[in-house]
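The block underneath contains the structure these notes are about, expressed in structure tokens.
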Amino acid sequence: MTDKVSLLIGGDICPIGVAIESFVKGDAQSIFRDLLPEFERADFSIVNLECPLIEEASPIVKSGPVFGIPVSCIKGLVNSHIDAVNLANNHILDHGGKGVLSTLEACEAAEMLHVGAGKNLKQAGRLLVRDIRGTKVAFAGMAEHEFSIAGEDSPGANPIDPIEFCRTVRMRDKEYDYLVVLLHAGYQHYAYPSPGLQKLCRFMVEEGANAVICQHSHCPGCYEIYRGAPVVYGQGNLIDESPSHSMSWHTGFLVKLSLEHHAAAIQMEIVPYLQSWQQSGAHRMHPREEIAFREELESRSQEILEEKQVEKLWNEFCLLQKSRYLSDLHGHGRFLRGLN
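Residue numbers (UniProt numbering): 1 to 340.
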């Protein structure tokens, strides 16, 4: 056993455009280009699969887009040296329980590990515990309540439930050396945590999490080291070809965690990239772009160290959203919404 274990955590993957062909073919080079060596070098890698793997469409009625990709896309994940997928997100139930079950079956057939969803609430809440070169690492996947949560007897995602989280940690903390929590949480296109999200993530660290990684925001956010634990508030999309004119949609970063056997602290590095920008797939930034990206990330990260600043930023953001929500409640079309 060597001293350090490396984990690689990627953000949201939803290949709904031309990238589907690369995933079906298992063409890892076209998917991750010069990022691929990061996956190859890691001792263990996990990403968020933001859509179910389906044989046929069975869309549910919901607000927002419905996603689903062919079961054969699993080959692209496997060939990219991805070891596990987190399925706790707001789209895993887009094609109903049937879509969740076909996703679980596809993962198991391909020997792809998974966490965060299951045939029922109990199974969805199970930890994924792996012995990685002598260090036992547990992963927990949880999602905010939207249209995807499992029921007592129905498939879906594991919900964010602080009480159940504490119970799980207290019952199972002797089974692992490190606990990494993956949260599908945060407001979309907002690069900071809400006061409530920061409070939740810090609480999870206080209760035993060694790292908390938030995804779902579709833009790179910020991070803090709280009591020695990295807490990331938004990685950005990893692969998502949904139309967007915002550059933040096309930027993100991988999180690299370095673990020492039985050591308390985790070391974190980031790997910035561009995705679905001028070409399919993800690739590293030009050095000048990366320098600017890191400076902006560090600037945002400094802002959230003061709780009052987090609250101020959140209140300002909420005021900006006020008109849109009022328009939605009044049933305004695009023209009237634009006037607001």
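The C-beta atom is built at its ideal place from N, Cα and C for all residues, glycine as well.
For this session: Taking only the alpha-carbon atoms, compute the straight-line gap between N315 and A109 and give it to the nearest angstrom.
Result: Counted from its first residue, the sequence shown places residue 315 at position 315. Counted from its first residue, the sequence shown places residue 109 at position 109. Straight-line Cα distance between these residues: approximately 47 Å.
Problem set entry | Classification of Y325 by the beta-carbon crowding that lies within 10 angstroms, buried from 16 upward | For the purposes of this step, residue 325 is identified with residue 325 of the sequence shown, where counting begins at 1. Exposed.
Exercise. For E269, which of helix, strand or coil comes out of DSSP?
Worked result: Within the sequence shown, residue 269 is the residue found at index 269, counting from 1. Of the three classes helix, strand and coil, the one that applies to E269 here is strand, per DSSP.
Problem set entry | Between the CA atoms of E50 and G97 - distance to the nearest angstrom | The count along the sequence shown starts at 1 and reaches residue 97 at position 97. The count along the sequence shown starts at 1 and reaches residue 50 at position 50. Between G97 and E50, the C-alpha separation is close to 15 Å.
Problem set entry | Residues of its chain near G125, where Cβ-Cβ distance is below 6 Å and the 5 sequence neighbours each way are ignored | The residue labelled residue 125 in the question sits at position 125 within the sequence shown. Answer for G125: N158, listed in chain order.
For this session: Could you pull the start and end residues of the beta strand (DSSP E) that E224 belongs to?
Result: In the sequence shown, the residue the question calls residue 224 occupies position 224. Unbroken beta strand (DSSP E) run through E224: 220-226.
Exercise. What do you get for S6, buried or exposed, if any count of 16 or more other CB atoms within 10 angstroms of its CB means buried?
Worked result: Counted from its first residue, the sequence shown places residue 6 at position 6. Result: buried.
Problem set entry | Validate contact between the stretch 218-238 and the stretch 180-194 using beta carbons, cut 8 Å, 3 pairs | yes
Exercise. Relative to the C-alpha of P220, which residue among L113, E290, A19 is closest?
Worked result: For this step, residue 220 is matched to residue 220 along the sequence shown. Of the candidates L113, E290, A19, the one whose C-alpha sits nearest the C-alpha of P220 is E290.
For this session: Identify every residue that forms a DSSP beta bridge with Q275.
Result: Start at 1 with the first residue of the sequence shown, and residue 275 comes out as number 275. DSSP lists A282 as partners of Q275.
For this session: Can you tell me which of the three DSSP states N158 falls into?
Result: As a first step, residue 158 must be located in the sequence shown, where it is residue number 158. Reduced to three states, the DSSP call for N158 is coil.
Problem set entry | Nearest residue (CA-CA) to D27, options K312, F44, V78, S244 | Stepping through the sequence shown from its first residue, residue 27 is reached at position 27. Here the closest residue by C-alpha is V78.
Exercise. Taking the beta strand (DSSP E) that A211 falls in, what are its first and last residues?
Worked result: Taking the sequence shown and counting its residues from 1, one reaches residue 211 at position 211. For A211, the uninterrupted beta strand (DSSP E) run begins and ends at 211-215, by DSSP.
Problem set entry | Inter-residue spacing [alpha-carbon to alpha-carbon] between L329 and D83 | On the sequence shown, residue 329 is found 329 positions in, with the first residue counted as 1. On the sequence shown, residue 83 is found 83 positions in, with the first residue counted as 1. Taking the straight line joining both Cα atoms gives about 43 Å.
Problem set entry | Between the CA atoms of L197 and G186 - distance to the nearest angstrom | The residue you call residue 186 lines up with position 186 of the sequence shown. The residue you call residue 197 lines up with position 197 of the sequence shown. The alpha-carbon separation between G186 and L197 amounts to approximately 7 Å.
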